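Residue numbers (the numbering used here): 12 to 97.
Backbone N, C-alpha and C define an ideal beta-carbon position, used for all residues, glycine too.
Keep in mind the model is a prediction, meaning the values are calculated, not measured.
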C-alpha cells in the first residue's frame with residue numbers, strides 16, 4: 012500500500028473575500044500582490060528575510076512534491092524571538 016495521495020481533480024474555484032473583509036486588509040497597494048504573482052518563491056523568500064529573524068537560513072524556499080509541500084527547507088527559526096522578543 013502506498014502512502015502517497017494521488018490527485019485526480021484540479022481545483023480552479025476562487026473564493027473572493029467579502030467587501031467588509033477586503034476593506035480591512037492591511038495591504039492596500041496591489042503591487043505587493045502583483046509581485047507575489049510574478050514569482051511567488053522569490054516573493055516569499057523576500058518576505059521571510061525581511062520580516063523574520065532566521066537562526067539558519069533555508070537551503071530551498073519550496074520543496075513541492077504534490078500533495079506535500081515543505082517551505083523554507085533546512086531553515087531554523089526561534090519562534091519566541093520572532094513573536095515576543097522583537
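Under the three-state DSSP convention, the category residue i falls into
i          : result
residue 50 : coil
residue 32 : helix
residue 93 : helix
residue 27 : coil
residue 58 : helix
Residue from the options with nearest C-alpha to residue i
i          : options           : result
residue 73 : 65, 64, 85 and 67 : 85
residue 21 : 68, 93, 71 and 78 : 78
residue 53 : 40, 34 and 71     : 71
Neighbourhood of residue i by C-beta, 8 Å cutoff - its chain only, sequence neighbours within 5 removed
i          : result
residue 44 : 38
residue 97 : 64
residue 80 : 73 and 74
Identified DSSP bridge partners for residue i
i          : result
residue 69 : According to DSSP, which records beta bridges pairwise, residue 69 is partnered with nothing at all.
residue 39 : Per DSSP, none; premise fails for residue 39.
residue 88 : 65
residue 45 : Paired residue(s): none; residue 45 is not in a bridge.
residue 75 : 80
Whole-number beta carbon distance between residue j and residue i, since they are thought to touch under 8 Å
i          : j          : result
residue 83 : residue 46 : In fact, because the Cβ distance is near 18 Å, the residues do not count as touching under 8 Å.
residue 66 : residue 95 : The pair is not a contact, with the Cβ atoms about 15 Å apart (cut-off 8 Å).
Neighbourhood of residue i by C-beta, 6 Å cutoff - its chain only, sequence neighbours within 5 removed
i          : result
residue 29 : none
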